[in-house]
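Accompanying notes for the structure given below.
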């Protein structure tokens, strides 16, 4: 017999509820409660003099657990790690064994029931990051909280980074901290329960800085927006500086244009030496413009040059510096150039810099709007959660919610994480995630999605997914990935853009040479101006941005309506679909049978018939029987418990209700009881022809009528299919159901082609055959049973429900269960591709027309020569146009909503 | 044609030839990545380009690229990989990791969103 170290009870080791091995000694426990207590702090029970009952990490004292004497090798720390994914007793051993093998780990227990690993380790030999890494390698996740903090006034010094990082990482329970001096953001990972946000915050405050949690910042200014805003402000400062200098420089740049030349206002005659003096001043004034406002062109060009590549920066840097150098040589040593060609044009260097910087600033701003969809999604995240822990209600930051926590939701609350309702009921507004406008009823056992809003009821739910695993986090990740992906159409652009800039440089040199060799008297001046204009007007950015910008806007727009597009390729293919194949059950229909018809025979009324039929089915678990029971309850009919009940598999049920013999079932059951069906068989056939399942009801040996159940269509399927037809799509229904039912449903929703009685495993083959005919085929299904067909199709649409967002087989996931999502996905992808093509064509046309004009092809015919300043303005405008055009997509209204 | 004209023309043509050579023909030398604890890890600085921009790795072994963007210009805000279908936003000053295990020999290109900055992973 052994003694339970917790309660002191004497127990038989063979009957122990649990055992623990600590330092070679085995302990036996009478109950789960005792072992839980033990796991919380084994030291108390092994060495009753040592008490460590706090939940926080504390020194387990430098006293050895086994000997009670300090072994002097360092300090032992005890930590409690929440482990997710513990679903078998084996897991406990796996984790224990892998942790035991880590050097420095003194002791490990994993509590299966609590999902926690208790580890005592030597701080000098091993740290928390290694421990969590070990658990991760063993195949389990440690429940970590991850939070972003922003240093309020910004960092003052470089060494502060180290100071803050050190202070925070010293907080027990903090795994790691990284501080980004560029964004003033600290990202901290810690073990909730071991420490909390407040402790982290005080650690930062101890260094003299204060922090706010990113999630709490007003208007959800996320990192990216902040970066964009900083960049915008920086560029605008550069622009104003360049503009302020450009104006006077321009006013003294053209002595040959009397009305523009400023000195003419004050002097009757402007001397040659004054003109030269003003040019000299311009030369000095434009240098800071190029060095400050145009700095990024030069640094960017140099960086690219080192990599044997060239970009927009190269062109602008070359253009402005060529203008400046030529002007300076012309001013200092006009004799170098042929008579009459030594005219400086400093204004080009300054004005072009100003214009291009302005263009970049506007572009940054427009770009920020393009990716607004992501920000909207991030803003949806709840900031705090009301959690029940140890019987107390705590309001904690959402980052600290762990899987398994019970969360309270009151009317009007935002649901913080994904989970399953365990108590209470309510209707939840899920429009922000699924695009579904009506609130959805939720009962015990139903899934709730984080970021959705509770309406009037209250409930409690158990968290099933937190942090990065929540549906919202996955949506954000998926949308971000999609925005960063490439549409096939952009591949062509890639090829072009890798040759673009060097070709422009070559064209500029050729332009120079042609003017130089064949130009008129002022050939050299023209040669320089045209070459500079060519360099400046070319806009590789517009070409490069054309597709990605539209993609970002289009994917974001889709996400707003609960349509998640996996990548650019899916979007491009979806825009070219000709055929849509719809699975029937669960896609067009609700996937659940419902009571549809009650046809009483002579002498019975509908309510009585339904009352007996439903009462007879009350105890049956058959889905069809359940549908009848639910249908009766919905019609507020009182049900009577049958006094006798016998389910006959494949036939129906035989029951006794109120001393009446009631049978409900199919033809076989009726034949078995020799019921005469002449009267009601016509009705049954009619119902069956309409694709319904008819069941006969007999009371006391007489036919009482027919009740029918059917899988009914979703309310909006008809409308969605109409829109698909409007879009010029051929809609086909693919189902394993019998021809008659399939046809009946097809008639209701207006589908013309039906492929019925297709075995599940043959669905992919059917799709393959349609593809073989050269059609671009989209397949819509549930993502589980239809997965092979979805993969086979050119574009697979998964009708997702609930929190399962990243459906592997799908190219496009529809968050709402509605078919309208399919129509919307196709419309938005077409609109996006149209937009991308407009951008692309615009950018190509701009460059192919702009460059020759800049080179002066129109000069021999019309005497038209482009000023480099106009070229600068055109170039800035062209890239802004591309982004603005892409932004139009944000206001796109699909037909689907107006129809 | 006088001498100065001839010289200018020669310089111009030479420049064209040099541009073609420097930007298109020149073959970059890749850097060979050393293996640490079974992972081929390499830090990449992003500033007007990827440094290093040609990375030579062995196939079948995990590769970890640590991107660190040290500029605020938005061009390099994202990095996109073609064959492995990965992309990442690179916040300024932060190290962002991209991990994958190349199974086949060949080249995996990466670039910024607009295709102006380019690099590649050469799998041997």
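Residue numbers (our numbering), protein chains in the order written: chain A, 247 to 1145; chain B, 32 to 155. We treat Cβ as the ideally placed atom computed from N, Cα and C, and that holds for glycine.
Per DSSP, what kind of secondary structure is residue 783(A) in: helix, strand or coil?
By one-based count along the first chain, residue 783(A) stands at place 537. Correct three-state label for residue 783(A): helix.
Determine, using beta-carbon pairs with one atom in the segment 692-712 of chain A and one in the segment 82-94 of chain B, whether at least three such pairs fall under 8 Å.
Touching, no, given that fewer than three Cβ pairs across the two stretches are closer than 8 Å.
Are the C-beta atoms of residue 55(B) and some chain A residue less than 8 Å apart?
Reading the second chain from its first residue, position 24 is the one you call residue 55(B). At least one C-beta of chain A is nearer than 8 Å to the C-beta of residue 55(B).
Leaving out five residues before and five after residue 609(A) in sequence, what residues of the same chain have Cβ atoms less than 6 Å from its Cβ?
One-based indexing of the first chain puts residue 609(A) at position 363. Sequence-distant Cβ neighbours of residue 609(A) in its own chain, meaning closer than 6 Å and more than five residues away, are 1125, 1126, 1129.
Check for me: the alpha helix (DSSP H) holding residue 721(A) runs from which residue to which?
Along the first chain, read from residue 1 onward, the residue named residue 721(A) stands at position 475. 717-729 is the extent of the alpha helix (DSSP H) around residue 721(A).
Can you tell me the Cα-Cα spacing of residue 529(A) and residue 775(A), whole angstroms?
The residue given as residue 529(A) occupies position 283 in the first chain. The residue given as residue 775(A) occupies position 529 in the first chain. C-alpha separation (whole angstroms): 17 Å.
Taking CB distances under 8 Å as the criterion, tell me whether residue 1134(A) reaches chain B.
Numbered from 1 along the first chain, position 888 holds the residue referred to as residue 1134(A). Taking Cβ atoms only, chain B never reaches closer than 8 Å to residue 1134(A), which makes this a no.
In whole angstroms, give me the CA-to-CA distance for residue 1132(A) and residue 670(A).
For this step, residue 1132(A) is matched to residue 886 along the first chain. For this step, residue 670(A) is matched to residue 424 along the first chain. The alpha-carbon atoms of residue 1132(A) and residue 670(A) are separated by roughly 46 Å.
How about residue 575(A): is its Cβ closer than 7 Å to a heavy atom in the ligand MG?
Here there are no bound small molecules, and the ligand MG is not part of this structure.
Distance CB(residue 782(A))-CB(residue 1098(A)) smaller than 8 Å:
For the purposes of this step, residue 782(A) is identified with residue 536 of the first chain, where counting begins at 1. For the purposes of this step, residue 1098(A) is identified with residue 852 of the first chain, where counting begins at 1. Taking 8 Å as the Cβ cut-off, residue 782(A) and residue 1098(A) do not qualify as a contacting pair.
Out of 1069(A), 865(A), 895(A), which has the shortest C-alpha to C-alpha gap to residue 965(A)?
What you label residue 965(A) is simply residue 719 of the first chain in a count that begins at 1. It is 1069(A).
Classify residue 987(A) as helix, strand or coil using the three-state DSSP reduction.
Residue 987(A) sits at position 741 when you count from the first residue of the first chain. In the structure shown, residue 987(A) sits in a helix (DSSP, three-state: H, G or I).
Relative to the alpha-carbon of residue 961(A), which residue among 255(A), 499(A), 564(A), 684(A) has its alpha-carbon at the smallest distance?
Along the first chain, read from residue 1 onward, the residue named residue 961(A) stands at position 715. Taking each of 255(A), 499(A), 564(A), 684(A) in turn and checking the Cα distance to residue 961(A), the smallest one comes out for 684(A).
Would you call residue 252(A) buried or exposed, if buried means 16 or more other Cβ atoms sit within 10 Å of its Cβ?
Position 6 of the first chain, counted from the first residue, corresponds to residue 252(A). Using a 10 angstroms sphere on the CB of residue 252(A), the tally of other CB atoms reaches 16 or more, which defines it as buried.
List the endpoints of the continuous alpha helix (DSSP H) containing residue 392(A).
Here residue 392(A) refers to the residue found at position 146 when the first chain is read from its first residue. For residue 392(A), there is no enclosing alpha helix (DSSP H); the enclosing beta strand (DSSP E) has its first and last residue at 391-397.
Measuring CB to CB, does residue 416(A) end up less than 8 Å from residue 445(A)?
Numbered from its first residue, the first chain carries residue 416(A) at position 170. Numbered from its first residue, the first chain carries residue 445(A) at position 199. The criterion of a C-beta distance shorter than 8 Å is not satisfied by residue 416(A) and residue 445(A).
Taking the alpha-carbon positions, what's the residue 317(A) to residue 283(A) distance?
Residue mapping note: residue 317(A) aligns to position 71 of the first chain, counting from 1. Residue mapping note: residue 283(A) aligns to position 37 of the first chain, counting from 1. For residue 317(A), the predicted model reports a pLDDT of 42, less than 50, meaning its position is unreliable and no value from the coordinates is stated.
Is there a C-beta anywhere in chain A that falls below 8 Å from the one on residue 71(B)?
Reading the second chain from its first residue, position 40 is the one you call residue 71(B). No, its Cβ sits nowhere closer than 8 Å to a Cβ of chain A.
Alpha carbon to alpha carbon, how far is residue 305(A) from residue 322(A)?
Numbered from its first residue, the first chain carries residue 305(A) at position 59. Numbered from its first residue, the first chain carries residue 322(A) at position 76. Its pLDDT being 33, under 50, residue 305(A) is placed unreliably by the model, and nothing is read from it.
Please list the terminal residues of the continuous beta strand (DSSP E) segment that includes residue 367(A).
The count along the first chain starts at 1 and reaches residue 367(A) at position 121. Here the beta strand (DSSP E) through residue 367(A) covers 362-368.
Apart from the five residues on each side of it in sequence, which residues of its chain come closer than 8 Å, Cβ to Cβ, to residue 103(B)?
In the second chain, counting from the first residue as 1, residue 103(B) sits at position 72. The residues are 123.
For residue 118(B), does the three-state DSSP call read helix, strand or coil?
For the purposes of this step, residue 118(B) is taken as the residue at position 87 of the second chain. Residue state, collapsed to three classes: strand.
Residue-level contact to chain B via CB, residue 310(A), 8 Å cutoff
Numbered from its first residue, the first chain carries residue 310(A) at position 64. Note that residue 310(A) has pLDDT 33, beneath the 50 cutoff, so the model's placement of it is unreliable and no number is given.
Secondary structure at residue 839(A), three-state DSSP: helix, strand or coil?
The count along the first chain starts at 1 and reaches residue 839(A) at position 593. Here residue 839(A) sits in strand by DSSP.
Kindly indicate which three-state DSSP category residue 316(A) falls into: helix, strand or coil?
On the first chain, residue 316(A) is found 70 positions in, with the first residue counted as 1. Only weak support exists for where residue 316(A) lies, its pLDDT of 36 falling under 50; the value from the coordinates is given anyway. Note: residue 316(A) maps to coil in three-state DSSP.
Can you tell me the Cβ-Cβ gap for residue 327(A) and residue 378(A), rounded? I've got them flagged as a contact below 8 Å.
For the purposes of this step, residue 327(A) is identified with residue 81 of the first chain, where counting begins at 1. For the purposes of this step, residue 378(A) is identified with residue 132 of the first chain, where counting begins at 1. About 7 Å separates the CB atoms of residue 327(A) and residue 378(A); that is less than 8 Å, so the two are in contact.
Closer than 8 Å to chain B by CB, residue 327(A):
On the first chain, position 81 is the one that residue 327(A) refers to. No, residue 327(A) does not count as interfacial toward chain B.
Taking Cβ-Cβ distances below 9 Å as the criterion, which residues of the segment 114-130 of chain B are in contact with chain A?
Legend: CB atoms of the segment 114-130 of chain B lying less than 9 Å from CB atoms of chain A belong to residues 116, 117, 118, 119, 120, 122, 123, 124, 125, 126.
Counting only beta-carbon separations shorter than 8 Å, does residue 1124(A) have a partner in chain B?
One-based indexing of the first chain puts residue 1124(A) at position 878. Residue 1124(A) does not count as touching chain B.
Tell me whether residue 690(A) is buried or exposed, calling it buried when 16 or more other Cβ atoms sit within 10 Å of its Cβ.
Residue mapping note: residue 690(A) aligns to position 444 of the first chain, counting from 1. With fewer than 16 Cβ atoms within 10 Å of its Cβ, residue 690(A) is classed as exposed.
Quick one: which residues of the segment 132-148 of chain B get their C-beta closer than 8 Å to a C-beta of chain A? List them in chain order.
Using a CB distance below 8 Å, the part of the segment 132-148 of chain B facing chain A consists of 142, 144, 145, 146, 147, 148, ordered along the chain.
At the 8 Å Cβ level, is residue 47(B) part of the contact set with chain A, yes or no?
Here residue 47(B) is taken as the residue at index 16 of the second chain, counted from 1. Judged by the 8 Å Cβ criterion, residue 47(B) is in contact with chain A.
Enclosing beta strand (DSSP E) for residue 503(A) [first to last residue]
What you label residue 503(A) is simply residue 257 of the first chain in a count that begins at 1. Boundaries cannot be given for residue 503(A), as no beta strand (DSSP E) includes it and DSSP labels it neither H nor E.
Residue closest to residue 1111(A), alpha-carbon to alpha-carbon, out of 375(A), 248(A), 773(A), 668(A):
Start at 1 with the first residue of the first chain, and residue 1111(A) comes out as number 865. Closest option to residue 1111(A), Cα to Cα, is 773(A).
Going by beta-carbon coordinates alone, are residue 508(A) and residue 495(A) separated by less than 8 Å?
Along the first chain, one-based indexing puts residue 508(A) at 262. Along the first chain, one-based indexing puts residue 495(A) at 249. Result no, Cβ atoms of residue 508(A) and residue 495(A) do not sit closer than 8 Å.
Nearest neighbour of residue 968(A), chosen from 859(A), 879(A), 1066(A) [CA to CA]:
Taking the first chain and counting its residues from 1, one reaches residue 968(A) at position 722. For the residues 859(A), 879(A), 1066(A), the minimum Cα distance to residue 968(A) belongs to 1066(A).
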